Amino acid sequence: MSIWMAFKMAWSSIISNKMRTFLTMLGVIIGVASVIMLVSLMQGATNEITEQFESMGTNLITVNLPRNGRGRTLYMEDLEVFVQKNENLFAGVAPNVNGSAKIKYETESHDTSLLGTNSIYSTATNTPAEFGRFINDTDVENRSKVAVIGTYIAKEILGEGGNVENALGKKIKINGVYFTVVGILEEKQEGEKGTADDWVIIPYTTAQRLIKNKIVNTFSFQGASKDTVSEATSELKNYLLKFFGNENAYRVTSQQEILDTMNEMLGMMTMVLAGIAGISLVVGGIGIMNIMLVSVTERTREIGIRKAIGAKRRNILVQFLIESVVVSCLGGVIGLITGVQGAKTLGNMIDVKVAYTPSVFMLAFGFSVFVGIFFGIYPANKASKLNPIEALRFE
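Going from the sequence shown to my numbering is simple: count from 1 and add 4.
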């Protein structure tokens, strides 16, 4: 008997029991769909997180000095000398003087976050000015009263609505002191309140005087290239250890390290969730084996007749094995379609851009085929070993 004939007989048996066939493949459908949905959503979330981190600059290295000024004090000038000595590893360093600001413009007032920094911050953290300009070295040297604002402040506080460019050149009060708006930051999060679009940046020398604090506790370093970030981080840690003599006096983190850690964690979560979903495939396989054993019992006389008229053991084994594989493959195909649609629907609900991975599709479908073969071998083998005389006597 040819493979094609065995396939036709298997298909005939499957469609003659449509409901039983559907219930049999349900476990495979759920298993494949679950794997596709979970992996696609997790991959989409991973891609979004990666994009967010890369938008902040993959060459960024951040140094926090919680104890700066308690004992030895590390100044901006010290770090500028360090960067110059290691110009092959660093492109620059930006101080972060953080504080709160009360902005007033005409009758409008708004509480927001304030950052004092220099020109390096823009490139180190990928925070460019979309209109006007960013803080420059002259502003820092002269302690200029100039400000770069987020789009929320430009739209809502300065009342420019959609035309934020008109905010350039306007005078605003920051903590009671007049500043001139020289730049408007590129919009990050749709210009909403309390987001990365709701803050103001001024020269760090001006900020130190405004908030009356000359000690800087946070610095942003720009690595010379993405490939040397790891080496630059190590060199910076060695310098700080030599300067402070205590590892607890500083904390150094790079965007690349954080991104790698996040990707590793999300990868592990994806594997665990996919493994849990894959258990449904195993359960589906057990269901296939169970129904195939029932089918063997129901068709015992048919098997006996076929053997009596010349069917070989191999023919019987192939027929039942093909039947098992067809059921699992159908379940796999329906599971793939269901998984794609389900991932798309869930992605829209939770606002995650789904990422479909062809290798996951192939793996999920391939595993469903394997389940059909593995769990179909025992029933097929049992059917092929039936004694034709005893099978013909079966009622």
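Just so it is clear, CB atoms sit at the ideal spot from N, CA and C, and this is done for glycine as well.
Because the structure is a prediction, the values reported are computed rather than measured.
Supposed contact pair residue j and residue i - C-beta distance, whole angstroms, cut 8 Å
i	j	result
glutamine 212	glycine 120	7 Å
leucine 172	isoleucine 188	7 Å
leucine 285	alanine 384	The pair is not a contact, with the Cβ atoms about 19 Å apart (cut-off 8 Å).
isoleucine 205	alanine 151	7 Å
phenylalanine 57	isoleucine 326	Wrong, their Cβ atoms sit about 50 Å apart, outside the cutoff.
leucine 340	phenylalanine 365	6 Å
glycine 346	methionine 9	Glycine 346 to methionine 9, Cβ: 37 Å. No contact.
According to DSSP, residues forming a beta bridge with residue i
i	result
threonine 121	Pro207
leucine 189	Ala133
asparagine 68	Thr222 and Arg255
glutamate 112	Tyr109
phenylalanine 94	Gly227
proline 99	Phe223
lysine 175	Thr184
alanine 387	In the DSSP output, where bridge partners are listed per residue, alanine 387 has none listed.
serine 104	Ser117
valine 152	Gly187 and Ile205
Simplified DSSP assignment, three categories, for residue i
i	result
isoleucine 219	coil
glycine 180	coil
asparagine 250	coil
aspartate 141	helix
asparagine 242	helix
isoleucine 313	coil
tyrosine 79	coil
lysine 358	A small correction: the amino acid at residue 358 is valine; lysine does not occupy that position in the sequence shown. Coil, per DSSP.
asparagine 294	helix
alanine 200	coil
serine 20	coil
methionine 60	coil
leucine 42	helix
leucine 162	coil
asparagine 167	coil
arginine 305	helix
arginine 318	helix
arginine 213	helix
Proximity below 8 Å, CB of residue i to CB of residue j
i	j	result
asparagine 68	asparagine 242	no
serine 258	threonine 237	yes
phenylalanine 225	valine 101	no
isoleucine 65	valine 256	yes
serine 372	valine 168	no
valine 39	alanine 359	no
methionine 29	leucine 334	yes
methionine 46	threonine 301	no
threonine 25	isoleucine 33	no
tyrosine 109	isoleucine 153	no
aspartate 201	glutamate 191	yes
glycine 48	lysine 348	no
glycine 289	valine 329	no
serine 388	arginine 317	yes
glutamate 235	leucine 83	no
threonine 77	isoleucine 219	yes
glutamate 239	asparagine 90	yes
valine 186	lysine 174	no
tyrosine 182	lysine 149	yes
glutamate 112	glycine 180	no
threonine 127	asparagine 267	no
leucine 390	alanine 312	no
Candidates the options: closest to residue i by CA position
i	options	result
phenylalanine 86	Leu277, Lys108, Leu244 and Ser113	Leu244
valine 144	Gln323, Thr209, Val286 and Thr77	Thr209
histidine 114	Lys197, Thr349, Ile262 and Thr54	Lys197
phenylalanine 223	Pro70, Gly288 and Tyr156	Pro70
glycine 75	Arg137, Phe247 and Met23	Phe247
glutamate 306	Asn21, Trp203 and Ile393	Ile393
proline 99	Glu261, Met296, Pro207 and Gln323	Pro207
isoleucine 27	Thr199, Ile292 and Gly351	The sequence as given places leucine at residue 27; isoleucine does not occur at that position. That would be Ile292, whose Cα lies nearest to the Cα of leucine 27.
asparagine 72	Asn250, Thr116 and Ile295	Asn250
serine 59	Asp82, Thr131, Lys106 and Asn92	Thr131
asparagine 63	Thr129, Gly31 and Val43	Thr129
serine 104	Thr184, Thr111, Ser117 and Phe324	Ser117
threonine 199	Glu268, Tyr156, Thr142 and Gly180	Tyr156
glycine 336	Gly31, Asn21 and Gly227	Gly31
asparagine 170	Ile139, Lys230, Thr54 and Phe135	Phe135
methionine 272	Val43, Phe369 and Glu81	Val43
Residue i: CB within 7 Å of a non-hydrogen atom of the ligand GTP
i	result
isoleucine 53	Among the components of this structure there are no ligands whatsoever, and the ligand GTP is therefore not found.
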